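Letter 70 of the sequence shown, counting from 1, is numbered 86 in my numbering, and no numbers are missing. The C-beta atom is built at its ideal place from N, Cα and C for all residues, glycine as well. All figures in this text were calculated on a predicted structure; none of them were measured in a lab.
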Amino acid sequence: MEITFLGTGTSQGVPIIGSDHPVCLSEDQKDKRLRVSILVEWDNYTYVVDCGPDFRQQMLANNVKKIDGILFTHEHNDHIIGLDDVRPFYFKQGDISVYAHQRVIKALKKRFDYVFETVNKYPGTPSLKINEINDTPFTIGNLEVIPVNVWHHKLQVYAFRFHDFAYVTDAKTITEEEVEKLKGVKVLTVNALRKETHLAHFNLDEALAFIKKVNPEKAYLTHISHLLGFHAEVEKELPENVFLAYDNLKIKI
Ligand SMILES: [Zn+2]
Numbered sequence: 017m018e019i020t021f022l023g024t025g026t027s028q029g030v031p032i033i034g035s036d037h038p039v040c041l042s043e044d045q046k047d048k049r050l051r052v053s054i055l056v057e058w059d060n061y062t063y064v065v066d067c068g069p070d071f072r073q074q075m076l077a078n079n080v081k082k083i084d085g086i087l088f089t090h091e092h093n094d095h096i097i098g099l100d101d102v103r104p105f106y107f108k109q110g111d112i113s114v115y116a117h118q119r120v121i122k123a124l125k126k127r128f129d130y131v132f133e134t135v136n137k138y139p140g141t142p143s144l145k146i147n148e149i150n151d152t153p154f155t156i157g158n159l160e161v162i163p164v165n166v167w168h169h170k171l172q173v174y175a176f177r178f179h180d181f182a183y184v185t186d187a188k189t190i191t192e193e194e195v196e197k198l199k200g201v202k203v204l205t206v207n208a209l210r211k212e213t214h215l216a217h218f219n220l221d222e223a224l225a226f227i228k229k230v231n232p233e234k235a236y237l238t239h240i241s242h243l244l245g246f247h248a249e250v251e252k253e254l255p256e257n258v259f260l261a262y263d264n265l266k267i268k269i
């Protein structure tokens with residue numbers, strides 16, 4: 017399985033528009049972070065987790081020719097708003113499969129009402145094949161996915177375990193029972209916003225404590241704010257099996 021980090025930034029991306037913060041002004045490519053998303057590829061399957069405002073750019077940057085589906089973690093704007101840009105895939109492949117919690121599907125119907133129109137639907141509009149998911153494992157292609165509940169302040173968010181790899185974003189708290197579902201993964205990705213605490217996101221210390229608990233061979237941090245610091249400097253401070261993800265990084269599992 018190959019994972020591509022399509023975006024590793026927090027909701028505003030890095031740099032932030034108009035910002036004079038040194039990290040926003042950095043010339044290091046690794047300090048440029050699009051909104052968070054990953055591409056998951058194995059055999060001939062290609063899935064995307066989340067579909068934020070940078071989706072089009074991310075598909076172009078990685079020359080993605082087809083997608084077999086999109087898994088949504090939750091309905092915040094930085095995770096869903098690129099959905100209209102599945103059009104080129106829809107024109108070639110037909111209805112695009114999406115996998116999401118019932119609440120997220122409801123949000124998609126509100127934000128993209130025209131996509132769900134049944135009468136006089138505009139011909140250029142994409143169509144989706146909706147797969148409602150709950151806490152039960154489900155199958156994409158030939159792979160079982162285990163949904164894991166994490167909490168983003170008071171909002172439930174799905175993390176996903178794909179066999180030896182797990183992707184956790186927008187987490188602030190997680191119950192012991194859900195942590196158990198992640199144990200045994202070889203590679204864990206988890207959100208780490210910045211060093212100071214935040215109401216709805218793990219800060220660096222909380223992310224590192226969570227990694228210790230799950231105890232994977234390797235971990236990658238994502239959903240990063242400019243406030244975390246320069247990529248090159250923060251990497252030096254991390255335990256030896258923990259890395260900062262950066263845009264377009266590919267890892268094999
Ligand atoms: Zn987010």
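* Asked: Using DSSP with H/G/I as helix, E/B as strand and the rest coil, what is residue 222?
  -> Of the three classes helix, strand and coil, the one that applies to residue 222 here is helix, per DSSP.
* Asked: Which residues are close to ligand 1, meaning CB closer than 7 Å to any heavy atom, in chain order?
  -> Counting every residue whose Cβ lies closer than 7 Å to a heavy atom of ligand 1, we get 26, 27, 52, 92, 94, 95, 185, 186 and 239.
* Please classify residue 115: is it buried, with 16 or more other beta-carbons within 10 angstroms of its beta-carbon, or exposed? => Around the CB of residue 115, 16 or more other CB atoms lie within 10 Å, so the residue is classed as buried.
* Quick one, are the C-beta atoms of residue 46 and residue 236 less than 7 Å apart? -> Pairing residue 46 with residue 236 gives a Cβ-Cβ distance that is not under 7 Å.
* To do: Mind checking which residues open and close the alpha helix (DSSP H) that includes residue 104?
  => Element bounds for residue 104: 103-109.
* Asked: Which stretch, first to last residue, makes up the beta strand (DSSP E) that contains residue 173?
  -> Counting along the chain, the unbroken beta strand (DSSP E) around residue 173 starts and ends at 171-178.
* Asked: Where does residue 93 fall in DSSP's three states?
  -> It is helical.
* Asked: Quick one: what does DSSP say residue 135 is sitting in, helix, strand or coil?
  -> In the structure shown, the three-state DSSP call for residue 135 is coil.
* C-beta atoms of residue 247 and residue 44 nearer than 7 Å -> Yes, Cβ-Cβ distance for residue 247 and residue 44 is below 7 Å.
* By Cβ distance below 8 Å, which residues in the same chain neighbour residue 82 in space, the five residues on each side in sequence not counted? -> For residue 82, same chain residues with a beta-carbon under 8 Å away, outside a window of 5 residues either side, are 62, 105, 108 and 109 in chain order.
* Using beta-carbon positions only, say whether residue 142 and residue 103 come within less than 7 Å of one another. => Residue 142 is a Cβ neighbour of residue 103, given a cutoff of 7 Å.
* Asked: From residue 51 to residue 132, what does the alpha carbon distance come to, in whole angstroms?
  -> C-alpha separation (whole angstroms): 25 Å.
* Pick out the complete alpha helix (DSSP H) segments inside the segment 25-67, 4 residues or longer, and give them in chain order. => The segment 25-67 contains these whole alpha helix (DSSP H) runs: 38-41.
* Asked: Run through DSSP, which three-state label would residue 248 get?
  -> DSSP, read as helix, strand or coil, puts residue 248 in helix.
* Asked: Quick one: what's got a C-beta closer than 8 Å to residue 78's C-beta in the same chain, skipping five residues either side?
  -> Setting aside the 5 residues that flank it on each side, residue 78 is surrounded in the same chain by 20, 22, 55 and 264, each with a C-beta closer than 8 Å to its C-beta; the list follows chain order.
* Report buried or exposed for residue 91, applying the criterion of at least 16 other Cβ atoms within 10 angstroms of its Cβ. => It is buried - the Cβ of residue 91 has at least 16 other Cβ atoms within 10 Å.
* Among all the DSSP beta bridges, which residues are the ones paired with residue 117? -> BP columns for residue 117 point to 149.
* I think residue 230 touches residue 258, with their Cβ atoms under 8 Å apart; what is that distance to the nearest whole Å? -> Contact doesn't hold; Cβ gap of about 12 Å is too wide.
* CB-CB length for residue 267 against residue 203, believed under 8 Å -> Under the criterion of beta carbons closer than 8 Å, residue 267 and residue 203 qualify as touching, at roughly 7 Å.
* Asked: Does the Cβ of residue 130 have 16 or more other Cβ atoms within 10 Å, making it buried, or fewer, making it exposed?
  -> By the Cβ neighbour-count rule, residue 130 is exposed, with fewer than 16 other Cβ atoms within 10 Å of its own.
* Let me know the secondary structure DSSP gives residue 156 once reduced to three states. => Residue state, collapsed to three classes: strand.
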